[in-house]
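Top to bottom, those sequences are chains A and B.
Per the UniProt record's numbering, the very first residue in the first sequence carries number 1; after that it's consecutive.
Per the UniProt record's numbering, the very first residue in the second sequence carries number 1; after that it's consecutive.
The C-beta atom is built at its ideal place from N, Cα and C for all residues, glycine as well.
Working notes, beginning with the structure itself.
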Amino acid sequence: MKPPPFDYHAPRSVGEALETLADVGEHGKVLAGGQSLIPMLNMRLAAPGHLVDINRLTELATLDVEPGGVRVGALARHAQVERSEEVAAAQPLLRQALRLVAHPVIRNRGTVVGSLVHADPAAELPAVLAVLGGSVRLARPGTVRDVPAAGFFTGILESAAEPGELAVSAFFPLLPPRSGTAFREVARRHGDYALAGVAALVGLDDDLRITTARVACVSVGPAPVLVDVTEACGHRPPASADWASAARAVQERTAPEADIHATADYRRHLTGVLAQQALRDAAREALDA
Amino acid sequence: MTTKLFGEPVRRREDPRLLTGQGRYLDDLGGDALAAAFVRSPHAHARIRDIDVSAAIDVDGLVAIYTWEDLPALLAQPLPLLIPHPALTHGRTAHPLARDVVRHVGEPVVMVVARDRYLAEDACALIRVDYEILKPVVGVEEAAQSAQLVHDDVPGNVGAHLVQEVPSAAGLGAREAIDAAPHTLAFRLDIERSASMPLEGRGVYARWDADDRSLRVYTSTQTSTSVRMAIAAKLGLPLPKVEVIAPDVGGGFGVKIVHPWPEEVLVPWAAILLGREIKWAEDRREHFVSSAHERAQVQSVRVGFDDDGRVLGLEVNILHDHGAYTPYGIIVPIITSTQLLGPYKIGAYRVEFSSIYTNTVQVTPYRGAGRPQAVFCMERTMDHIAAHLGADRTAVREVNFIRPDEFPYDQGLIFQDGRPLIYDSGDYPESLRMLKELIGWDSFPEAKARAAAEGRRIGIGIGCYVEGTGVGPYEGGHVQITSDGRVHVSTGLTSQGQGHETVFAQIAAAELGVPLERVSVVTGDTRRFGYAVGTFASRAAVMSGNAIALACRKVKEKALRIAADALEAAPGDLEIVDGEVRVLGAPGASIPLATVAVLSNPLRYAFDEEAARATQFAGTPAFDRPPVEEGQEPGLEGRDYYSPLRSTFASGMHAAIVETDPLTAEIRILRYAVVHDCGNLINPMIVEGQIHGGVAQGVGGALYERMVYDEHGQLLNASFMDFLMPYATEIPLVETAHLQTPSPLNPLGIKGAGEAGVIPVSAVIASAIEDAEGIGIDRMPISPSELFDLRRAATGRSTSET
């Protein structure tokens, strides 16, 4: 379990990093927190010719609460985002989800943007980006583009980030007034990738009736499965909402697969249970908001 | 014993070293050594057509590449079958490097030596092995019926077949007794594979001294003395020219008692051949696919019993999956067969096992060594009987217990050491009483009803076991008191973190009457002690502990004799307190042990003032006696061995309360209680630590861990990401209570404690889940997904029945 040979690059500026990535093209891989990449290298599942280590680019270790949302730089660690009170106040779903990401030592090193680009359908953060309708900012020399969540996750471990591009930040929109969020999941062990998990967002109008209800599900498709259940909940106050019907609507949209830890049926069942729980939790938060 | 050290919760003296990064594990050694890596079979069953190393030759830093054809005659033979048994009619072992056929994924085919491990792995990746893929045999029931053979010359894939039968007191065979019983039940049980999975994998580091023609090998083993003999034999070296040392070892749990591993003979061989230091440190993936697993069995049970639940006859048929090879013989299924009886008097018993070859990693003992399967079988049987009769589960156990006045109790079987299965001591009714009190067994129905009213499901379970510990044939101890008053203890068996340095020091300090700080302990170093068996079967405290105590008594006797001369007193009037020999009732008349050590060694040359006291012109010599009298030896040291008549039998009972989530089917252990009897306790804190660790591994086996092979013989979860060893977050607080029924078999009255915690856990958790869910549990481990399936099946069944 030692990686095959690679060329190591440690650029000192974003500009230099972008130039390097452009040079090495499809043979390059960005090293940020390394919590997924290093094991893949050690198991020789990945063999990039060039590693571009961005850990010296402190200009990317940013965490900004902007008027419209939270912008997380490519070198912001999970722990930094999780512990920020300002972020928790602006967008509570980030902390709710990050507490479920692996273990503290992994969160000390792993990065939010790295997790998004890794695009593991079992991971929490892609679901967060999906349910909030956030975006990822991709850069190459001279150009920058923002890719919305809906188009970012293109398959299992596949994202819209192209060879030569560096994901420099991710943007998580703020919650509208009278909205709440929740993240529920079931994992085999504390901190494991979830067998199933649901990120939920519920918004209410001034009469405290549901106007927005949507979820993003993990581990039940090749990418986060985003389901709008506003209709299924009915335009009603949370206390009389049809959560069971909403949960069924979620289940119908999932296409889980069996693996050694759980059958597809069980994952679908869990997704329904968790969707209902997460929607109720989010609605409760919305009422308190 | 003159001090209270024996039985005290002395803090582990190895911990400051191990917890601050000062431990020296195998891979901490040999920083400049060349690295070995192996090309291992990616196929479960294949014939090697050709090995092409040409692309690897150019790798920078490559030193050597070896295949089976390169091996000298002795090494080219199959590895030893360590424990032959008449019933193992078709024992087979692997070659150090595969010859012609590979029989499991992970079998070593080519050894590469390079400047470092990175380069060695680069070279491995460039070696092309051309395989003719053969049909693999996977799954023990499939293998037992398959026409496909793992070994061409082993018909039916049956490596061993053994029947043991004990008739009832009335002379009935088990089948007759069952047929004649008022009630009979038959069912099938299933336990999946797990593995020892120590945090430190295997590893070997060899140094050849070409000038001295001697070899030193460090290996992460549970038996350095036997590895030494194996290396000497396999490499044709004189035994005195081979030293083997087990450095700090990061866990063994059974897998490291297997020896010699291919790497343990190949690395020293290459080190001699190349005249270079070579090290191989196993990585996690290698450990999953090329060390050993355990547990997998399918059991068929028939039992006959009376209205009280008294078992009149029990018949068990076991299919045991021993993987591709049998280097450790059939110890595991023998232990299952014999330890199945637990604390019970079974009217008539018949047990039959077939040990079956499959194209999977070999099966050798893992902590518990066949007992978790045995206890699962017997305790599921007890629960089945209770359910059938509508009786309390503890009442059914109670009625079958061996009574305290029936010891020694002969179960009529032959145990794993080839000696009679005779229990030495125990008090099972008291143990059960303590457990029921600890867990609150009698008041649980109310708690369950309260939980149900809140929409929660909880259940309680119990499991009892008896564990043969401290098996022979022997261990030894050497104790030397030097002229600085220090006590040096050594024993040949090895340590893997159990706390031997602490408990052996406690024994020596207590026996000799010296402060604990003056005692140092060395284990597993053949330079210090050459005769030993190894650390397994919960035997270190019983075997080496007693041997060290006996050696101390020899030293003490000698010390008192020398001191008696010096103090002009009778040896019987002397005592040793705090490192000083004192005359009883005569304050001031004393001599330090350090001085006794000086006097014990008559000298010609002085090198310090202490030594000067023992030189030939000092003192008043007795001219009628030689300085070293006949039958005596210089020095204040002693060596002794402990070789028991039979094993000691520790016992215990566990209970757990679990909660199952009605919606998600998640399973949570709310409470876990253990009553444990290992005879006299040397150090209760260390015993509790052993129990906690054992329970943690048991929880792993019950709820998380399994080796998932697909039909091609590929291990699908060969990493810690998918092999779910539980974290601390999954382990409940373990509540313990100790019962002490001393063993009459050894001087210290102790029994083994190393494996106890793990043994009944699957049985206990199954019992508790069954109680919570009202659904029969007949296979372990169980996951939430499987519980979900069982619920659906049960709902479907009750729907179709109504």
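To the nearest angstrom, how far is it from the Cα of residue i to the Cα of residue j?
i, j, result
"Thr338 of chain B", "Ala160 of chain B", "16 Å"
"His500 of chain B", "Leu421 of chain B", "27 Å"
"Pro96 of chain B", "Pro108 of chain B", "7 Å"
"Ala79 of chain A", "Asp7 of chain A", "29 Å"
"Leu195 of chain A", "Gly139 of chain B", "26 Å"
"Ala728 of chain B", "Val59 of chain B", "43 Å"
"Leu270 of chain A", "Thr664 of chain B", "6 Å"
"Gln91 of chain A", "Ala122 of chain A", "22 Å"
"Val105 of chain B", "Phe38 of chain B", "13 Å"
"Ala453 of chain B", "His190 of chain A", "28 Å"
"Ile334 of chain B", "Leu341 of chain B", "12 Å"
"Ala611 of chain B", "Ile257 of chain B", "43 Å"
"Thr2 of chain B", "Leu512 of chain B", "Here Thr2 of chain B scores only 42 on pLDDT, less than 50, and its place in the model should not be relied on; the value that follows carries that caveat. Approximately 8 Å between the Cα atoms of the pair."
"Arg582 of chain B", "Lys554 of chain B", "18 Å"
"Phe617 of chain B", "Gly572 of chain B", "30 Å"
"Arg267 of chain A", "Glu176 of chain B", "49 Å"
"Ala64 of chain B", "Val112 of chain B", "6 Å"
"Thr736 of chain B", "Ala391 of chain B", "27 Å"
"Thr394 of chain B", "Ile462 of chain B", "8 Å"
"Arg214 of chain A", "Val147 of chain A", "20 Å"
At what residues does the beta strand (DSSP E) containing residue i begin and finish?
i, result
"Val215 of chain A", "Ile210 to Val218"
"Met197 of chain B", "Per DSSP, Met197 of chain B belongs to no beta strand (DSSP E) and is neither H nor E."
"Phe376 of chain B", "Run containing Phe376 of chain B: none in the beta strand (DSSP E); it sits in the alpha helix (DSSP H), Arg371 to Leu389."
"Thr184 of chain B", "His183 to Ile191"
"Phe607 of chain B", "Element bounds for Phe607 of chain B: n/a, residue is neither H nor E."
"Leu215 of chain B", "Ser214 to Thr219"
With DSSP as the reference, label residue i as helix, strand or coil.
i, result
"Ser748 of chain B", "Reading off the sequence shown, one finds Leu at residue 748 of chain B, where the question assumed Ser. Of the three classes helix, strand and coil, the one that applies to Leu748 of chain B here is coil, per DSSP."
"Thr338 of chain B", "helix"
"Met1 of chain A", "coil"
"Asn42 of chain A", "helix"
"Tyr423 of chain B", "strand"
"Asn400 of chain B", "helix"
"Lys558 of chain B", "helix"
"Met1 of chain B", "A caution first: Met1 of chain B carries a pLDDT of 41, below 50, which makes its placement in the model unreliable, though a value can still be read off. Of the three classes helix, strand and coil, the one that applies to Met1 of chain B here is coil, per DSSP."
"Leu279 of chain A", "helix"
"Lys256 of chain B", "helix"
"Ile231 of chain B", "helix"
"Ala90 of chain B", "It should be pointed out that residue 90 of chain B corresponds to His in this sequence rather than to Ala. Note: His90 of chain B maps to coil in three-state DSSP."
"Ala36 of chain B", "strand"
Counting along the chain, where does the alpha helix (DSSP H) carrying residue i start and finish?
i, result
"Gln740 of chain B", "From DSSP, Gln740 of chain B is part of no alpha helix (DSSP H); its letter is neither H nor E."
"Arg253 of chain A", "Trp243 to Arg253"
"Thr326 of chain B", "First-last for Thr326 of chain B: undefined, no H or E at that position."
"Leu19 of chain B", "Asp15 to Leu19"
"Lys29 of chain A", "Run containing Lys29 of chain A: none in the alpha helix (DSSP H); it sits in the beta strand (DSSP E), Gly28 to Leu31."
"Phe288 of chain B", "Arg284 to Ser290"
Check whether the Cβ of residue i sits closer than 6 Å to any heavy atom of the ligand GDP, and report yes or no.
i, result
"Asp288 of chain A", "The ligand GDP is absent from the structure shown, which contains no ligands of any kind."
task = Taking 8 Å as the threshold, find out whether the region 190–208 of chain B comes into contact with the region 17–27 of chain B through three or more Cβ pairs.
result = yes
- contact_flag[the region 128–144 of chain A, the region 90–102 of chain A] where n(CB pairs < 8 Å) is 3 or more: yes
* Asked: Going along the chain, which unbroken runs of the alpha helix (DSSP H) with 4 or more residues stay wholly within the region 467–514 of chain B?
  -> 500–512
The region 454–468 of chain B / the region 649–659 of chain B touching (three or more Cβ pairs under 8 Å): yes
Notebook entry, point to check: Should the region 275–293 of chain B be called in touch with the region 369–380 of chain B, which here means at least 3 C-beta pairs below 8 Å?
Noted result: no
- Would you call the region 628–638 of chain B and the region 598–613 of chain B in contact, with 3 or more CB pairs under 8 Å? yes
Check: Touching or not, the region 440–458 of chain B and the region 407–424 of chain B, by the rule of three or more beta carbon pairs under 8 Å?
Finding: no
* Along the chain, which unbroken stretches of the alpha helix (DSSP H) at least 4 residues long are found entirely within the region 651–712 of chain B? -> 684–699
What are the uninterrupted segments assigned as beta strand (DSSP E) that are 3 or more residues long and contained completely in the region 107–191 of chain A, given in chain order? 135–140, 143–148, 153–155, 166–173 and 179–187
Next on the checklist: For the region 734–746 of chain B against the region 673–682 of chain B, do three or more pairs of beta-carbon atoms, one drawn from each stretch, fall closer than 8 Å, so that the two count as touching?
Outcome noted: yes
Quiz item: Do the region 294–311 of chain B and the region 174–191 of chain B meet, that is, are 3 or more Cβ pairs less than 8 Å apart?
Solution: yes
So, does the region 245–262 of chain A touch the region 171–178 of chain A, judging by three or more C-beta pairs under 8 Å?
no
Original post:
Touch check for the region 509–529 of chain B and the region 620–632 of chain B: three-plus C-beta pairs under 8 Å?
Top reply: no
Is it the case that the region 659–676 of chain B contacts the region 691–701 of chain B, given that we only count it when at least three CB pairs across the two stretches are under 8 Å?
yes
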